[in-house]
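**Student:** Handing you this structure, nothing more for now.
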Amino acid sequence: MTDNYTYEPDLSLYKSEQGYEKMMSWYERVSDEITVDHRSIFADTRFGKTHIIEAGDANQKPVLLIPGVAGCAPLWRHQINAFSEHFRVLAIDIVGQPGKSAANPPSVFNDDYTDWLEDIIQSLELDKPHIVGVSTGGTTVMDMAIRKSEMIDKTVMCGPTGLARARLPFRQWLLTARKKDADVLSDDLTASSFSKPRSGETFGSFDRQLARGMALGTRHYRVDKSLGIYNEKTSRVDIFRALKVIGKFFFSVDKNRLRSFKNKGLLIFGEFEVLYNPWKISKRLQKLIPSLQIEIVKDAGHAAIYDQPEAVNELVLEFLRKE
Numbered sequence: 006m007t008d009n010y011t012y013e014p015d016l017s018l019y020k021s022e023q024g025y026e027k028m029m030s031w032y033e034r035v036s037d038e039i040t041v042d043h044r045s046i047f048a049d050t051r052f053g054k055t056h057i058i059e060a061g062d063a064n065q066k067p068v069l070l071i072p073g074v075a076g077c078a079p080l081w082r083h084q085i086n087a088f089s090e091h092f093r094v095l096a097i098d099i100v101g102q103p104g105k106s107a108a109n110p111p112s113v114f115n116d117d118y119t120d121w122l123e124d125i126i127q128s129l130e131l132d133k134p135h136i137v138g139v140s141t142g143g144t145t146v147m148d149m150a151i152r153k154s155e156m157i158d159k160t161v162m163c164g165p166t167g168l169a170r171a172r173l174p175f176r177q178w179l180l181t182a183r184k185k186d187a188d189v190l191s192d193d194l195t196a197s198s199f200s201k202p203r204s205g206e207t208f209g210s211f212d213r214q215l216a217r218g219m220a221l222g223t224r225h226y227r228v229d230k231s232l233g234i235y236n237e238k239t240s241r242v243d244i245f246r247a248l249k250v251i252g253k254f255f256f257s258v259d260k261n262r263l264r265s266f267k268n269k270g271l272l273i274f275g276e277f278e279v280l281y282n283p284w285k286i287s288k289r290l291q292k293l294i295p296s297l298q299i300e301i302v303k304d305a306g307h308a309a310i311y312d313q314p315e316a317v318n319e320l321v322l323e324f325l326r327k328e
């Protein structure tokens with residue numbers, strides 16, 4: 006861990022200085038919703054400084070919280086507030102993603118993300134922390150349990166990618182999002198934007214701060230560069246690498262690889278998960294990983310921690326605290 010380090014902004018993954026300022030203003034507003042005592046710390050990794058929001062008693066069992074693509078540490082504020090009573094909570098800004106970590110994204114095509122997480126654990130001298138991840142952060146948790154299981158304890162994955170061939174609402178979401186101003190898009194995003202198509206019914210109360218962050222990221226952040234799919238020579242997205250990213254996150258993981266999942270795990274889906282049918286994938290995974298506890302949360306879509314945070318927090322705390 007680095008003491009007395011002062012964060013210096015790096016705008017290389019932002020589209021403009023104004024966009025950076027808008028995103029960081031939002032970042033600080035979300036941070037203000039953390040109601041428990043907390044502080045910023047920085048871990049040394051091979052990809053540069055990693056910013057972490059730390060809360061709770063430093064003598065308690067550590068829990069690492071890993072966001073998804075274009076997410077950030079403050080979005081875990083509901084979990085920080087709830088978990089810090091029982092654990093040392095460490096919410097991470099991913100390197101190469103919005104936040105206060107180094108603008109040096111790991112590759113999604115190799116072991117970079119698990120190497121980065123290993124560096125954090127070693128830099129902070131953590132003893133087998135629990136790890137919790139949402140969306141692609143949940144995929145990183147899964148990869149840790151497969152590749153570096155001896156370094157961690159229990160795992161929680163909320164709506165992870167890569168478990169089966171995904172069904173993505175490209176037309177409704179990506180193409181529409183590209184045409185809208187960030188303020189309009191922020192208002193338009195709802196829980197149903199991240200659920201499978203249904204007969205017009207609504208559910209949950211989609212996290213407005215998440216909606217705002219996604220809208221700002223769509224407008225002001227270079228997600229193409231952070232995912233390694235931008236070709237600097239041609240100044241265009243590399244289609245081949247983009248298809249590889251889709252294959253990494255949205256196609257099925259090899260069965261033998263899943264069978265090597267070693268840690269105690271909790272897998273959480275919303276009943277209206279956008280990526281796959283949660284009941285079908287749960288049956289498949291239960292056969293491959295019999296020790297995995299699987300919960301399907303009512304009235305929630307992809308990343309149920311945002312649609313039903315109280316219900317999900319209760320599930321996670323019960324799982325992490327039991328012997």
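Those letters in the sequence shown? Residues 6 to 328, per the working numbering, in order. Each residue gets a CB set at the ideal place from its N, CA and C atoms; glycine is no exception. Quantities reported herein were computed from a predicted structural model and do not represent experimental measurements.
1. To the nearest angstrom, report how far apart residue 14 and residue 293 are at their CA atoms.
2. Quick one, are the C-beta atoms of residue 164 and residue 71 less than 8 Å apart?
3. Restricting to Cα atoms, I'd like to know which of 215, 130, 111 and 51 is closest to residue 234.
4. Measure from the alpha carbon of residue 281 to the alpha carbon of each residue in 272, 303 and 171, then state which is nearest.
5. Hey, would you say the C-beta of residue 115 is under 7 Å away from at least one heavy atom of the ligand HEM?
6. For the beta strand (DSSP E) holding residue 45, just list the boundary residues, first then last.
7. DSSP puts residue 54 in a beta bridge; with which residues?
8. Here's a check: name, in chain order, each residue in its chain whose Cβ is nearer than 8 Å to the Cβ of residue 222, leaving out the five neighbours to either side.
9. Taking the beta carbon of residue 106 as the centre, do at least 16 other beta carbons fall within 10 Å, making it buried, or is it exposed?
10. Which residues does DSSP pair with residue 104 in a beta bridge?
11. State the Cα-Cα distance for the pair residue 314 and residue 238, rounded to the nearest angstrom.
12. Could you name the residues that DSSP lists as bridge partners for residue 59?
13. Just curious, the beta strand (DSSP E) that residue 135 is in, first and last residue?
14. Give the straight-line distance between the Cα atoms of residue 47 and residue 130, rounded to the nearest whole angstrom.
15. Spatial neighbours of residue 191 within its chain, please: CB distance less than 7 Å, with the 5 preceding and 5 following residues excluded, ordered by chain position.
16. Name the DSSP beta bridge partners of residue 236, please?
17. So, helix, strand or coil for residue 85, using DSSP?
18. For the alpha helix (DSSP H) containing residue 293, list its first residue and its last residue.
19. What are the boundary residues of the alpha helix (DSSP H) that includes residue 324?
20. Can you look up residue 298 in the DSSP assignment and give me helix, strand or coil?
21. With H, G and I counted as helix, E and B as strand and the rest as coil, what does DSSP make of residue 68?
22. Please classify residue 168: does DSSP put it in a helix, a strand, or coil?
23. Any contact between the segment 16-33 and the segment 50-59? By contact I mean 3 or more CB pairs, one from each, below 8 Å.
**Tutor:** Taking the structure as given:
1. 44 Å
2. no
3. 111
4. 171
5. This structure lacks the ligand HEM, and indeed carries no ligand of any kind.
6. 43-50
7. 49
8. 28, 75, 103 and 228
9. buried
10. Residue 104 pairs with nothing; no bridge assigned.
11. 43 Å
12. 44 and 95
13. 135-139
14. 13 Å
15. Because the pLDDT at residue 191 is just 45, under 50, the model does not fix this residue reliably, and the value given afterwards should be weighed accordingly. Closer than 7 Å at Cβ, skipping near neighbours: 216, 217 and 220.
16. 241
17. helix
18. 283-293
19. 314-326
20. strand
21. strand
22. coil
23. no
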